[in-house]
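Student: For reference, the structure I am asking about is given below.
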Amino acid sequence: RHEVKMAAARAALKAQMDALMGEFADQNNTGPPRWQEESVCKKFLVRFCPHDLFHNTKSDLGPCLKKHDERLKEQFEAAGDENLKATYARELLVELEQLIGGVDRAIRRFRDRVKADRPDLDAASKARIEEIMKEVKGLHDEIEILGNEGEVEKAEEKNKRVQELLEEKNKLEQGPENDPFWIKEKYQM
28 RHEVKMAAAR AALKAQMDAL MGEFADQNNT GPPRWQEESV CKKFLVRFCP
78 HDLFHNTKSD LGPCLKKHDE RLKEQFEAAG DENLKATYAR ELLVELEQLI
128 GGVDRAIRRF RDRVKADRPD LDAASKARIE EIMKEVKGLH DEIEILGNEG
178 EVEKAEEKNK RVQELLEEKN KLEQGPENDP FWIKEKYQM
């Protein structure tokens with residue numbers, strides 16, 4: 028684990044040196060760097076490097092161990108090998124899909140944990156919700172009859188009552204979520 032951190036630190040320093048000194052950063056080179064070299068990040072050449080995403084988050088991948096150079100990117104874009112470009116693009120897409128899958132799994136686990144910790148509705152709230160739904164069903168039947176008889180105004184009054192009951196039901200169902208703790212958890216998702 029220590030070796031990985033040291034390698035990442037060396038790579039970060041090398042990237043800073045490359046950014047500052049450009050082609051002169053690595054004096055041991057026998058010639059100008061080429062985009063085909065193994066030390067060049069192919070994903071960066073295609074579009075962007077996934078390591079440049081999610082800085083300072085739980086999903087931070089750390090610094091990329093390969094070289095990112097805009098001049099090499101320009102050379103890559105000017106090159107005519109479309110098959111190789113497509114291969115690098117597919118590699119980037121596969122890595123991005125894996126990252127998205129990992130983040131989606133983490134979000135799902137977090138939501139499941141929050142749902143499991145959230146208190147259930149109390150018996151009184153459940154009973155009231157059942158009463159409301161029975162009343163709403165009865166009102167719907169009355170509204171249909173009134174509508175068939177041409178009593179539009181009475182049907183509208185009954186419909187207003189249905190809306191009030193449904194609002195009450197929603198408030199009862201969201202009761203635990205009105206607790207400041209659950210509001211905070213909800214917005215942190």
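Mapping of the sequence shown onto the working numbering: position 173 corresponds to residue 200, and the numbering continues sequentially without gaps. Cβ coordinates follow ideal geometry from the N, Cα and C atoms, glycine included.
1) Is the CB-CB distance between LEU166 and LYS185 below 8 Å?
2) Secondary structure at LYS94, three-state DSSP: helix, strand or coil?
3) Among all the DSSP beta bridges, which residues are the ones paired with VAL67?
4) Tell whether a beta-carbon distance below 8 Å holds between ALA15 and PRO77.
5) So, helix, strand or coil for LEU192, using DSSP?
6) For GLU200, which of helix, strand or coil comes out of DSSP?
7) My understanding is that LEU193 touches ILE156, with C-beta atoms under 8 Å, so please give their C-beta distance in whole angstroms.
8) At the level of alpha carbons, what is the spacing between VAL31 and LYS93?
9) Taking the runs of the alpha helix (DSSP H) that are 4 residues or longer, which of them lie wholly in the region 81-147?
10) Express the C-alpha separation of ASP79 and LEU126 in angstroms, rounding to a whole number.
11) What are the boundary residues of the alpha helix (DSSP H) that includes GLY177?
12) Alpha carbon to alpha carbon, how far is PHE137 from PHE71? Give it in angstroms, no decimals.
Tutor: Quick answer:
1) For the purposes of this step, residue 166 is taken as the residue at position 139 of the sequence shown. For the purposes of this step, residue 185 is taken as the residue at position 158 of the sequence shown. The Cβ atoms of LEU166 and LYS185 lie closer than 8 Å to each other.
2) The count along the sequence shown starts at 1 and reaches residue 94 at position 67. Here LYS94 sits in strand by DSSP.
3) Here residue 67 refers to the residue found at position 40 of the sequence shown. DSSP, once it has assigned bridges, lists LYS94 as partnering VAL67.
4) What the structure shows of the chain is the stretch from 28 to 216, and residue 15 is not part of that stretch, so it cannot be assessed.
5) For the purposes of this step, residue 192 is taken as residue 165 along the sequence shown, with counting starting at 1. If DSSP states are grouped into helix, strand and coil, LEU192 belongs with the helices.
6) Position 173 of the sequence shown, counted from the start, is the residue given in the question as residue 200. Three-state result, GLU200: helix.
7) On the sequence shown, residue 193 is found 166 positions in, with the first residue counted as 1. On the sequence shown, residue 156 is found 129 positions in, with the first residue counted as 1. Contact flag wrong, Cβ pair sits at about 11 Å.
8) Position 4 of the sequence shown holds residue 31. Position 66 of the sequence shown holds residue 93. Their Cα atoms are separated by approximately 14 Å.
9) 97-105, 109-144
10) Your numbering for residue 126 matches position 99 in the sequence shown. Your numbering for residue 79 matches position 52 in the sequence shown. For LEU126 and ASP79, the distance between alpha carbons rounds to 13 Å.
11) Your numbering for residue 177 matches position 150 in the sequence shown. That residue, GLY177, is in no alpha helix (DSSP H); it is neither H nor E in DSSP.
12) Start at 1 with the first residue of the sequence shown, and residue 71 comes out as number 44. Start at 1 with the first residue of the sequence shown, and residue 137 comes out as number 110. Each residue's alpha carbon lies about 31 Å from the other.
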